[in-house]
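Heads up: the structure comes next, in structure tokens.
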Amino acid sequence: MTAATAMPLGGRLAALAAALFAAPASADFGLLNMTQGVTESSREIYGLHMTIFAITVVIGVGVFGAMVYSIFRHRKSRGVTPSKFHHSTAMEIVWTVIPLVILVAMAVPATRVLIDLDDTSGSEMTVKITGYQWFWGYDYRGEDVQFLSRLSTDSDRARRLDSGVRPASVDNYLQNVDQRLVLPVDTRIRFQITGADVIHSWWMPDLGWKKDAIPGYVNEMWTEIEEPGVYRGRCAELCGRDHGFMPIVVEALPKAEFETWLANRQASGEGMTAQAEAAPETDGELAAR
Amino acid sequence: MTATTYNDASHEGEPTGFTRWLVTTNHKDIGSMYLLFSLAMFLVGGAMALVIRAELFQPGLQLVDPYFFNQMTTMHALVMIFGAVMPAFTGLANWMIPLMVGAPDMALPRMNNWSFWLLPFGFAVLLSTLFMPGGGPAGGWTMYPPLMLQTGTAFPFVIFAIHVLGISSIMGSINVIATILNMRAPGMTLMKMPLFVWTWLITAYLMIAVMPVLAGAVTMLLTDQYFGTTFFSAAGGGDPVLYQHIFWFFGHPEVYILILPAFGIISTIIPTFARKPLFGYSSMVYATASIAFLSFIVWAHHMFTVGMPLAGELFFMYSTMLIAVPTGVKVFNWVSTMWRGAMTFETPMLFALAFVFLFTIGGFSGLMLAIAPADFQYHDTYFVVAHFHYVLVTGAVFAILAAAYYWLPKWTGHMYSERLGQWHFWLSVVFVNVLFFPQHFLGLAGMPRRIPDYSVQFADWNMVSSIGGFGFGFAQLLFVWLLYKCIRGGQQAEAKAWEGADGLEWDVPSPAPHHTFDTPPVVR
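Chains as they are written, first to last, in my numbering: chain A, 26 to 314; chain B, -15 to 508.
If you want it as structure tokens, here you go:
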């Protein structure tokens, strides 16, 4: 009902916006639903999402249908006399028990997926993720590869107040970084997630989850990416001024290519230690870069 | 006191002008002040929301600095929750509970005065932080450490303001409980009380239970900041997640504090305009009590992504899903009340029906959010923002508006302009959906909440949402105009302003005289 009222209005406004602001071609009214992602877990989560959504739609059709019918039929202007009933134990038991049964039926698959997501054993490699104000640090455990990953410079310039740069003219505005987290496909990867200063949250929709990066905690999560590609996510927990400007980019490579990348990275000897020790740059320095 | 039950001349020698309002102990005066204060805060918080929606109208930063944006999201929430919705319900309680139970006033009239007058001072402190060095609080209304500890000069003032508002709420609740339990008219047993009174009784207990918990949490923040404690600092052996547990132990009952009185209002209005008794009165009472009980054991569903043990995630997922059962009972009962009634659709009924539709949509998204693995995707996105605005704006705020239209004749003695009311309703209900429905899409497509700028694929729905926001915001000015007109004059209201109305409040004249039920009525 509401989507239908919003859509034509939105369409006209988008046309208006296109004329006024040259709206980006990539903007999309078609973006309506959760991604299925590229892992088995993310597809299972998508499946749970669609199941519970379908359940609510069915219940909604019943409840709203009864309301709409009642609103049209049981109105005083049609000259009806109001009924006097005000109680029905049988009905009340029915609509207490049926929802309970539906909920139990829904809890079963949800529990199964949750147990699966919780099990981080059997991993083939481990990446430590650290949230900073306002960038990410990645550490391939035992591989001596560590680096920081910040918002790409062109996005960073464009996002300044009154920068004069149209976001649409920037490649992957606010979802590009200087150094991507490169991961192999078909590999069970364990993540250890922590925060250095305040709480952040590492969210990659295509992997199906987010996990908070909390100072003093090491949270664990795992994934196994099935398709090579570039996947984009962002920080999901309010972490201060530039919370909106610390994107995440994962590049999933076939195993062999990943090994090559890792070897090159090790050979170049770019450790993170020196960078991490340095104080985060001021806004001025960032802008100057 | 005068022997005449309804004698407006009985308060000779009482102060007039501003002093009258400052020192009043009359529940009607105090109720009016609560309601007008809440309307003012609704407009202030709404203006902040419009700053947010204006900045989000298109990608890129056009209007405000990200840090100021964060102040706006934080203050918008604090002002709307503690300044608009809670005082509105307390105002309604002040006006209506004595009238509904046949009491001459609230049980503790002087404390009543104090609990109101704390509010303007609390909010003066809270709003003044926006002008302090370093700006107002910008860590979200949830005030999670360590981020909250980065607040500037504003920090202690915010916490002081929260203490003041909390004391006000607790005193208001004590008053409500004392009034309901001690001052009911003879014959009005608990199970004969109007549902608005029942829901408020339960709400008041919730508030007394959890406001001190919030006070404790923010005090621990304060000592962490200034007195060297490390409750929430891992470096000192503390735990940042502990704060979240304490906060949401307050926070989840709090969201039911914001909705249970609304349930009472809807359960009053639908029978009136359906001309049919409420379906399942006692199951409504039990459902309300069940929701209140469950509200204490579901808090960590706000924290599914903090890394709880599996057993914790499962427990909080199951308990949260359970809430759907009593909430469903309520919705089914409202629909059954409508069924085979003889409905008319004056403005209060329109808002009440919109409440049932749209609150249910908010309930559906709530059920989706309860599924912990799916919440790993939904958490902290615009899907959550859409969810809680459906339950709080089209839920709590629509119920408050419905209540205002419903009882305005009793308060002012005048009928409001039905034509303006219908305009206000239809503009509100259309724009509020344009505003919040697309936010479901944005969240599912990957837009986090509390960000001042976004990547371009989110541009279209954000623009639609902002247009809805401005439409909804300006539509509320119609209500202000209608209210002004209704207070100034209009068609004289009868004692029983609505044909199907039921309850003691309709036995007294309209406007309700300054003193009512000096002699208690007898309830059969």
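Just so it is clear, CB atoms sit at the ideal spot from N, CA and C, and this is done for glycine as well.
Item to complete: Could you check what DSSP says for residue 185 of chain A in three-state terms: helix, strand or coil?
Response: coil
Discussion item. Quick check: the Cα distance between residue 84 of chain A and residue 34 of chain B, rounded to an integer number of angstroms?
Written reply: 34 Å
Discussion item. Rounded to whole angstroms, what is the Cα-Cα separation between residue 101 of chain A and residue 327 of chain B?
Written reply: 5 Å
Practice prompt. On a CA-only basis, which of B:247, B:221, B:196, B:255 is nearest residue 232 of chain B? Give me that one, please.
Written response: B:196
Worksheet item: Are residue 258 of chain B and residue 162 of chain B close, meaning C-beta to C-beta below 7 Å?
Response: no
Practice prompt. In angstroms with no decimal places, state the Cα-to-Cα distance between residue 324 of chain B and residue 262 of chain A.
Written response: 49 Å
Practice prompt. Give the interface partners of residue 355 of chain B over in chain A, defined as CB-CB distance under 8 Å, in chain order.
Written response: 73, 74, 77, 131, 135
Worksheet item: Looking at the unbroken beta strand (DSSP E) that takes in residue 244 of chain A, where does it start and where does it end?
Response: 244 to 248
Discussion item. For a test of the three-state rule: what should DSSP assign to residue 61 of chain A, helix, strand or coil?
Written reply: coil
Worksheet item: Are the stretch 425 to 440 of chain B and the stretch 358 to 373 of chain B touching by the rule of at least three beta carbon pairs closer than 8 Å?
Response: yes
Worksheet item: What does residue 315 of chain A reach in chain B if we use C-beta pairs closer than 7 Å?
Response: Lying before the first or after the last residue shown, residue 315 of chain A is absent from chain A, which here runs from 26 to 314.
Worksheet item: Does the pairing of the stretch 216 to 227 of chain A with the stretch 123 to 141 of chain B give three or more beta-carbon distances under 8 Å?
Response: yes
Worksheet entry | Residues of its chain near residue 61 of chain A, where Cβ-Cβ distance is below 8 Å and the 5 sequence neighbours each way are ignored | 67, 68, 71
Worksheet item: Rounded to whole angstroms, how far is the Cβ of residue 200 of chain A from the Cβ of residue 265 of chain A, which I believe are closer than 8 Å?
Response: Their Cβ separation, rounded to whole angstroms, is 19 Å, which puts residue 200 of chain A and residue 265 of chain A out of contact at 8 Å.
Worksheet item: Which ranges would you report for the beta strand (DSSP E) in the stretch 419 to 479 of chain B if only whole runs of at least 3 residues count?
Response: none
Item to complete: Would you mind telling me which residues of chain B sit closer than 7 Å to residue 236 of chain A, beta carbon to beta carbon, in chain order?
Response: 289, 291
Practice prompt. Would you please verify whether the beta carbon of residue 221 of chain A is less than 7 Å from any beta carbon of chain B?
Written response: no
Worksheet item: Counting pairs of Cβ atoms below 8 Å between the stretch 34 to 51 of chain B and the stretch 95 to 111 of chain B, do you hit three or more?
Response: no
Practice prompt. State yes or no: is the beta carbon of residue 239 of chain A nearer than 7 Å to at least one beta carbon in chain B?
Written response: yes
Item to complete: With DSSP as the reference, please indicate the residues paired to residue 151 of chain A in a beta bridge.
Response: A:215
Worksheet item: Which of helix, strand or coil does DSSP assign to residue 65 of chain B?
Response: helix
Worksheet item: Can you name the residues of chain B whose CB is closer than 7 Å to the CB of residue 59 of chain A?
Response: 361, 428
Discussion item. Taking 8 Å as the cut-off, does the stretch 239 to 257 of chain B touch the stretch 203 to 217 of chain B (at least 3 CB pairs, one atom from each stretch)?
Written reply: no
Item to complete: Anything in chain B within Cβ reach of residue 53 of chain A, meaning under 7 Å, just list it in chain order.
Response: 441, 444
Item to complete: Specify, as a first and last residue, the run of the alpha helix (DSSP H) that residue 232 of chain B falls within.
Response: 224 to 241
Worksheet item: If you draw a straight line from the C-alpha of residue 26 of chain B to the C-alpha of residue 246 of chain A, how long is it?
Response: 42 Å
Worksheet entry | Reduced DSSP category for residue 403 of chain B - H, G, I as helix; E, B as strand; rest coil | helix
Practice prompt. Would you check if the stretch 200 to 210 of chain A and the stretch 276 to 287 of chain A touch, i.e. whether three or more CB-CB distances between them fall below 8 Å?
Written response: yes
Worksheet item: Measuring CA to CA, which of B:11, B:307, B:185, B:340 is closest to residue 251 of chain B?
Response: B:340
Practice prompt. Compute the Euclidean distance between the alpha carbons of residue 99 of chain B and residue 453 of chain B, then round it to the nearest angstrom.
Written response: 33 Å
Discussion item. At the level of alpha carbons, what is the spacing between residue 76 of chain A and residue 124 of chain A?
Written reply: 15 Å
Discussion item. Taking its Cβ as the centre, do 16 or more other Cβ atoms sit within 10 Å of residue 231 of chain A, making it buried, or is it exposed?
Written reply: buried
Worksheet item: For residue 400 of chain B, which residues from the same chain have a beta carbon less than 6 Å from its beta carbon, with the 5 sequence-adjacent residues on both sides left out?
Response: 392, 466, 470
Worksheet item: Can you name the residues of chain B whose CB is closer than 7 Å to the CB of residue 262 of chain A?
Response: 364
Practice prompt. Quick one: grab the DSSP three-state call for residue 273 of chain A.
Written response: strand
Discussion item. Can you confirm whether the stretch 135 to 151 of chain B touches the stretch 111 to 125 of chain B when touching is taken to mean that 3 or more C-beta pairs between the two stretches lie within less than 8 Å?
Written reply: yes
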